[in-house]
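S.K.: Take the sequence shown: its letters are residues 7 to 148, numbered as in our numbering. This is the structure I have questions about; it appears just below.
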Amino acid sequence: MDKDNHSAAALIHQINSRDTAYINKQFRALNLNSEQGRVISYVARHPQCKQRDVAHFLNRQEASVTNLVKGLAKRDLLSREVPEDNERTKLLSLTEEGETMVVKIDAAFDRLQAFVDGTLKDDERTTLEQLLEKVNTVSFDD
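Next up, the structure:
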């Protein structure tokens, strides 16, 4: 790595930090934190998913996701349904307010994508996406 810290890993980290700061600011305007926004987006794309699936997506223990989901349900953004055949399972869906919220969340990500689209040509963006997909397959476990 050079003295200016412009290695690929450092640049990815810097971009991630800026991206996270931008999205967190957008979420704060919606009275959400980043994990709440991620849960709403996940449930929108996986209706009737299990709370366990959300925990796996967030890479968190299922018990720690329970309060997160309960809070979103209390705000009427998610509904938690217990199927008759399995009382231990909670199926999650967006409420009407949750559907409205996911449109706002998606709009924040669309604005972020517009920054990228405004910077790169189509072929550059395609190449970048391919390279990032490749890097994203790397395991960071020691």
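Backbone N, C-alpha and C define an ideal beta-carbon position, used for all residues, glycine too.
Closer than 7 Å by C-beta to Met7: which residues in its own chain qualify, once you throw out the five before and the five after it? Chain order, please.
M.R.: Bear in mind that a pLDDT of 46 at Met7, under 50, signals an unreliable position, so the number given afterwards is only what the model happens to contain. Correct list, in chain order: Ser13, Ala16.
S.K.: If you run the structure through DSSP and keep just helix, strand and coil, what is Ser145?
M.R.: In this structure, Ser145 counts as coil in the three-state DSSP scheme.
S.K.: Nearest CA to the CA of Ala69: which residue from Glu87, Arg94, Tyr48?
M.R.: Per the Cα distances, Arg94.
S.K.: In or out: Leu124 buried (at least 16 other Cβ within 10 Å) or exposed?
M.R.: The residue you asked about is not Leu; residue 124 is Gly in the sequence shown. Result: exposed.
S.K.: In this structure, does DSSP put Glu93 in helix, strand or coil?
M.R.: In this structure, Glu93 counts as coil in the three-state DSSP scheme.
S.K.: Would you kindly work out how many angstroms separate the C-alpha atoms of Leu36 and Thr106, rounded to a whole number?
M.R.: Roughly 11 Å between the two C-alpha positions.
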